[in-house]
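Asks: If you scroll down you'll find the structure; I have some questions about it.
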Amino acid sequence: EMGKAEFYESQYVNVVAAAQVGTKVCGSLDTAFDEAQNGETVKMLGNVTLDTKGAMDICDRYPTFVCVEGKAITLDLNGKNITANAYAEDLTGTMLLGVFSTDNGGKLTLVDSEGTATVTLNANDAKVYSLLCNYEGGCQIKVEGGTYVVDKVSDSMLYSGADASENEGVIVNGGNFTLGNVGEGAN
41 EMGKAEFYES
51 QYVNVVAAAQ
61 VGTKVCGSLD
71 TAFDEAQNGE
81 TVKMLGNVTL
91 DTKGAMDICD
101 RYPTFVCVEG
111 KAITLDLNGK
121 NITANAYAED
131 LTGTMLLGVF
141 STDNGGKLTL
151 VDSEGTATVT
161 LNANDAKVYS
171 LLCNYEGGCQ
181 IKVEGGTYVV
191 DKVSDSMLYS
201 GADASENEGV
211 IVNGGNFTLG
221 NVGEGAN
């Protein structure tokens with residue numbers, strides 16, 4: 041569905057007020073991304089834990105935690121942390137595409153207004169393709185701040201199927217990145 045951005049959380053998320061859009065406080069990031077209109081900012085209000093046991097979004101047939109489609113959204117991590125856990129038993133016969141993905145003209149900008157946020161992806165025994173996945177041309181993920189940590193991936197920490205000369209793909213203007221291993225273990 042065009043014009044929709046989704047951030048799915050499982051029953052394992054312990055957040056009272058997850059995020060806000062403008063002055064509206066939302067109980068989940070899923071609600072905040074749904075409420076956000078093109079060009080708006082979703083601001084995190086609490087730490088979030090994501091787990092593949094919960095509902096997942098689909099980006100070009102692969103599960104992902106966040107897939108922004110058909111609109112441009114900024115996620116202000118606001119000094120809060122996202123911990124994402126992937127398990128093979130939850131991804132039977134497939135892989136986790138990434139924590140953040142874009143498709144169908146979606147654009148996502150990641151900022152950290154407080155300068156202390158960390159996004160951690162624990163692959164555990166699951167096959168994880170990447171942390172950030174810009175799946176096709178016409179889409180963009182721009183990283184302006186935050187710390188990103190991944191223990192292992194099968195392809196790359198940042199994947200882009202777009203042409204960078206067209207100001208598409210994954211664009212890194214800031215942030216800190218730590219990657220454990222590429223192409224090892226279950227990956």
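For the sequence shown, the numbering used here begins at 41 and goes up steadily by one. Where a beta carbon is used, it is the ideal one built from N, C-alpha and C, also for glycine. Fair warning: this is a prediction, and the values are worked out from it, not measured in the lab.
Could you give the first and the last residue of the continuous beta strand (DSSP E) run that contains Asp-91?
Replies: The residue given as residue 91 occupies position 51 in the sequence shown. Segment 88 to 91, the beta strand (DSSP E) holding Asp-91.
Asks: Let me know the secondary structure DSSP gives Glu-109 once reduced to three states.
Replies: Translated into positions along the sequence shown, residue 109 becomes position 69. If DSSP states are grouped into helix, strand and coil, Glu-109 belongs with the strands.
Asks: Does any residue of chain D have a CB that is nearer than 9 Å to the CB of Ser-200?
Replies: Here chain D cannot be found, since the structure has a single protein chain.
Asks: So the alpha helix (DSSP H) Thr-71 belongs to, where does it begin and stop?
Replies: In the sequence shown, the residue the question calls residue 71 occupies position 31. Per DSSP, Thr-71 belongs to the alpha helix (DSSP H) from 69 to 75.
Asks: Using CA coordinates, which residue listed in Tyr-102, Thr-63, Glu-154, Val-65 is at the minimum distance from Gly-133?
Replies: For the purposes of this step, residue 133 is taken as residue 93 along the sequence shown, with counting starting at 1. When each option's Cα is compared against that of Gly-133, the closest is Tyr-102.
Asks: At what residues does the beta strand (DSSP E) containing Met-84 begin and finish?
Replies: Counted from its first residue, the sequence shown places residue 84 at position 44. Residues 81 to 84.
Asks: Taking Val-189 as part of the beta strand (DSSP E), name the residues at either end of that continuous run.
Replies: The residue labelled residue 189 in the question sits at position 149 within the sequence shown. Where Val-189 is concerned, the enclosing beta strand (DSSP E) stretches over 187 to 193.
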